[in-house]
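Its first residue numbered 237, the sequence shown is counted upward by one per residue in the numbering used here.
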Amino acid sequence: MKTLPTSSLRIALTGATRGLGRALAETFAARGHVVLGCGRNTAAIAALRKALPPPHDFAALDVSDEAAVGAWARRLLAAYGPPDLLVNNAAWCPRPAALWKVAPADLSRAVDVNLKGIAWTIRHLVPAMVARRKGIIVNFSSGWGRSTSPEVAPYCATKWAVEGLTRALAQELPRGMAAVPLNPGIIHTDMLETCFGRREAAGYPTPKEWAERAAPFLLSLDASHNGQPLSVPLDPPDAEAESD
C-alpha cells in the first residue's frame with residue numbers, strides 16, 4: 237500500500253474529468269489531499285494525469301459499468317486503502333424534452349449513470365470504509381432532486397432517487413460515518429448550458445469559482461451530518477471549521 241502524507245485525505249471522486257469534478261480534483265489537490273478519480277474520457281484522463289501526477293490517481297471508466305467500477309475499487313483499495321471521502325459526482329442529463337418524447341436509451345442512460353453509478357461505487361468501496369467505521373460518502377443530488385421543472389423529468393427522477401438512496405444508506409452505516417445527499421447549487425457547466433441555454437447559464441458561477449467554496453465545505457463534513465440533505469453554502473466555512 238502506498239505511503240501518503242499523514243495530513244492528506246484520500247478522496248475518491250467520480251466524474252473527475254470535467255465541470256464540477258475537474259474543479260474539485262484541482263482544488264482538493266491544491267489543499268494537499270490525494271485525489272483518486274475516474275471519468276469516461278480517456279484523453280481527459282490522460283490530461284488529468286499530467287496536470288495532477290502521483291500520488292493522485294486517475295482511471296478511465298464508465299460508472300454505469302459495475303464490473304469496471306469493481307476493478308477500479310479493488311485496485312484503489314489495494315494501493316491506497318479505503319477512501320476517507322467518497323464523492324459521487326458523475327451525472328448525465330438528456331437534452332430537455334417532454335417525458336413522452338425522451339428516447340428509451342436516454343432514460344436508461346440517466347438511470348444507469350445517475351443512480352446505478354452511485355450504487356456501484358457504494359457496493360465496491362463502502363464495505364472497506366464500514367470495516368474501519370470511518371469515512372464520509374457524498375452523493376451529488378441537485379436542486380432538481382428536491383423540486384421539479386418541465387422537460388427534465390429523467391434527471392429529476394434520478395436525483396430524487398439519489399436523495400432517497402442516500403438517506404436510507406445513512407441509516408445503515410455504523411457510528412463514525414456519514415452519507416450525505418448534496419445539492420451543489422447552480423453552476424455554469426456544459427450540462428447547465430444544455431438545460432438553460434448558454435446566455436442564461438453564463439450568469440452563474442464557474443466550476444472553479446464554485447469549487448473554492450465547495451471543497452472546504454465537503455472537507456468539513458463529519459459523522460454529525462449523517463443523513464442530512466445539505467447544499468453547498470454561498471460562502472465557504474471559516475478556517476476554524478475547516479480544520480476541525
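Glycine is no exception: its CB is placed at the ideal position from the N, C-alpha and C atoms.
Test item: CB-CB of residue i and residue j under 9 Å
| i | j | result |
| --- | --- | --- |
| residue 469 | residue 416 | no |
| residue 296 | residue 350 | no |
| residue 254 | residue 275 | yes |
| residue 394 | residue 299 | no |
| residue 260 | residue 414 | no |
| residue 348 | residue 331 | no |
| residue 410 | residue 366 | yes |
| residue 412 | residue 355 | no |
| residue 377 | residue 399 | yes |
| residue 318 | residue 368 | yes |
| residue 327 | residue 391 | yes |
| residue 263 | residue 450 | yes |
| residue 252 | residue 271 | yes |
| residue 288 | residue 364 | no |
| residue 346 | residue 329 | yes |
| residue 423 | residue 256 | yes |
| residue 389 | residue 338 | yes |
Cβ-heavy atom distance, residue i to the ligand NAP, below 8 Å
| i | result |
| --- | --- |
| residue 294 | In terms of ligand content, the structure shown is empty, and the ligand NAP therefore cannot be addressed. |
Residue(s) in a DSSP beta bridge with residue i
| i | result |
| --- | --- |
| residue 275 | 296 |
| residue 372 | 321 and 414 |
| residue 467 | 419 |
| residue 270 | 246 |
Sequence-distant residues of its chain with Cβ nearer than 8 Å to residue i (five each side left out)
| i | result |
| --- | --- |
| residue 320 | 245, 246, 247, 370, 371 and 372 |
| residue 315 | 237, 238 and 293 |
| residue 268 | 241, 243 and 244 |
| residue 361 | 248, 309, 312, 313, 318, 319 and 322 |
Residue range of the alpha helix (DSSP H) that includes residue i
| i | result |
| --- | --- |
| residue 405 | 389-408 |
| residue 338 | That residue, residue 338, is in no alpha helix (DSSP H); it is neither H nor E in DSSP. |
| residue 308 | 302-316 |
| residue 363 | 353-367 |
| residue 452 | 443-456 |
Range of the contiguous beta strand (DSSP E) that encloses residue i
| i | result |
| --- | --- |
| residue 260 | Premise fails: residue 260 lies in the alpha helix (DSSP H), 255-266, not in any beta strand (DSSP E). |
| residue 246 | 246-249 |
Neighbourhood of residue i by C-beta, 7 Å cutoff - its chain only, sequence neighbours within 5 removed
| i | result |
| --- | --- |
| residue 474 | Confidence at residue 474 is low in this model, with a pLDDT of 48, below 50, so the placement of that residue is unreliable and no value is reported for it. |
| residue 477 | Unreliable positioning characterises residue 477 in this predicted model, as indicated by a pLDDT of 37, which lies under 50. A coordinate reading is not provided. |
| residue 387 | 332, 333 and 334 |
Cβ separation of residue i and residue j, assumed to be a contact under 8 Å, to the nearest whole Å
| i | j | result |
| --- | --- | --- |
| residue 353 | residue 403 | Actually they are not in contact, since the Cβ atoms of residue 353 and residue 403 sit about 18 Å apart, beyond 8 Å. |
| residue 258 | residue 443 | 7 Å |
Close Cβ partners of residue i (< 6 Å) along its chain, the five nearest in sequence each way excluded
| i | result |
| --- | --- |
| residue 323 | 249 and 374 |
| residue 461 | 414 and 416 |
| residue 379 | 419 |
| residue 467 | 419 |
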